[in-house]
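Encoded as structure tokens, the structure appears first; notes follow it.
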Amino acid sequence: MKELILEMEEYASLKNIPIIEKDSIAFIMKYIKKNNIKTILEIGSAIGYSTILMASASQEVTVTTIERDESRYMECLKNVKKCGFEKKINVVFQDALDVNLTGVKYDMIFIDAAKGQYTKFFEKFKYFLNDGGVIITDNLKFHGHVGKSKEIESKNLRGLVEKIESYIEFLQTNEEFDTNFYDVGDGLSVSVKKDGK
Ligand code: SAH
Ligand code: MG
Numbered sequence: 001m002k003e004l005i006l007e008m009e010e011y012a013s014l015k016n017i018p019i020i021e022k023d024s025i026a027f028i029m030k031y032i033k034k035n036n037i038k039t040i041l042e043i044g045s046a047i048g049y050s051t052i053l054m055a056s057a058s059q060e061v062t063v064t065t066i067e068r069d070e071s072r073y074m075e076c077l078k079n080v081k082k083c084g085f086e087k088k089i090n091v092v093f094q095d096a097l098d099v100n101l102t103g104v105k106y107d108m109i110f111i112d113a114a115k116g117q118y119t120k121f122f123e124k125f126k127y128f129l130n131d132g133g134v135i136i137t138d139n140l141k142f143h144g145h146v147g148k149s150k151e152i153e154s155k156n157l158r159g160l161v162e163k164i165e166s167y168i169e170f171l172q173t174n175e176e177f178d179t180n181f182y183d184v185g186d187g188l189s190v191s192v193k194k195d196g197k
């Protein structure tokens, strides 16, 4: 397991795959244990690095993870097999915005896919959260760019950063969820669904 994790870190750095920072995944694993989280939906698997670590947080955790890129999906499947987590992890090869979920609810949703679509993911998947459930989002600092979009010259990058900034505002003003922001890794938010909402 430890070896596989190191192998995945190397593979990701070699192939430029943006896996979660160590502080952030440590934070999430602690959150899972402390809050007795058992079912997780992850948007954006990449090669399964955060997926496998979340699944390893406790014996009872199961993860469904969605990835739209075929080669990353294949790599993720391979890694899930390597660590023997086939029963704990269900990998779905599809665009998350096209996925049809019915009759399932999760204790935690981890949003870590296309940064420009965070609000869309949140609005789509919030219905699949158990009472008192939580949505955690990664990369809210986006490598230090967030909060400084006006200074960015590249139009594409500026557009993306503006979308993350508007997602942060969306979370801050959201009446159904209480959100805390953490200056951990590349920036995390933890949005807890309020009672009766
Ligand atoms: N959670 C992973 C990293 C994910 S990187 C980890 O920390 O180990 C983001 C991934 O989201 C990429 O592999 C990208 O292909 C995928 N992605 C982006 N938009 C998506 C979408 N709409 N549906 C499914 N996957 C998406
Ligand atoms: Mg990330």
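Mapped onto the working numbering, the consecutive letters of the sequence shown carry residue numbers 1 to 197. Yeah, the Cβ is synthetic: ideal placement off N, Cα and C, and Gly gets one too. None of these values were measured; they are calculated from a predicted model.
Is residue i a contact residue of ligand 1, with contact defined as CB to any heavy atom under 7 Å?
{"i": "Lys172", "result": "It is worth fixing the name first, because residue 172 is Gln in this sequence and not Lys. Outside the cutoff, so no."}
{"i": "Asp186", "result": "no"}
{"i": "Leu6", "result": "no"}
{"i": "Ala55", "result": "no"}
Out of the options, which has the shortest C-alpha to C-alpha gap to residue i?
{"i": "Arg27", "options": "Val91, Val190 and Phe93", "result": "Before going on, a small fix: residue 27 reads as Phe here, not Arg. It is Val190."}
{"i": "Phe198", "options": "Asn156, Lys38, Asp23 and Leu129", "result": "In the structure as shown, the chain starts at 1 and stops at 197, and residue 198 therefore has no counterpart that could be examined."}
{"i": "Val161", "options": "Lys30, Ile20, Leu140 and Glu60", "result": "Leu140"}
{"i": "Phe125", "options": "Lys22, Ile43 and Asp138", "result": "Ile43"}
{"i": "Glu3", "options": "Ile136, Leu53, Lys150 and Pro18", "result": "Leu53"}
{"i": "Met1", "options": "Asn35, Lys82, Phe122 and Asn180", "result": "Lys82"}
{"i": "Tyr167", "options": "Tyr73, Ile32, Asp23 and Phe122", "result": "Phe122"}
{"i": "Thr137", "options": "Tyr73, Tyr182 and Gln94", "result": "Tyr182"}
{"i": "Asp107", "options": "His145, Asn90, Gln172 and Tyr127", "result": "Tyr127"}
{"i": "Ile20", "options": "Val184, Asp195 and Glu165", "result": "Val184"}
{"i": "Phe142", "options": "Thr102, Phe170 and Ile164", "result": "Ile164"}
According to the neighbour-count rule (16 or more other Cβ atoms, all chains shown, within 10 Å of its Cβ), is residue i buried or exposed?
{"i": "Glu75", "result": "buried"}
Task: Residues with C-beta closer than 6 Å to any heavy atom of ligand 2, in chain order - done: So the residues near ligand 2 by this Cβ test are Pro18, Ile20, Asp112, Asp138 and Asn139.
Open item on the list: With three or more beta-carbon pairs closer than 8 Å as the criterion, would you say the region 61-72 touches the region 145-155?
Closed with: No, because fewer than three Cβ pairs between the region 61-72 and the region 145-155 fall closer than 8 Å, the two stretches do not touch.
- [ ] Say whether the region 75-87 touches the region 107-124, bearing in mind that this needs 3 or more beta-carbon pairs closer than 8 Å, one atom from each stretch.
- [x] In this structure the region 75-87 does not touch the region 107-124; the number of beta carbon pairs closer than 8 Å is below three.
Task: Cβ contact (3+ pairs, closer than 8 Å) linking the region 4-14 and the region 44-53 - done: Cβ pair count under 8 Å is three or more, so yes.
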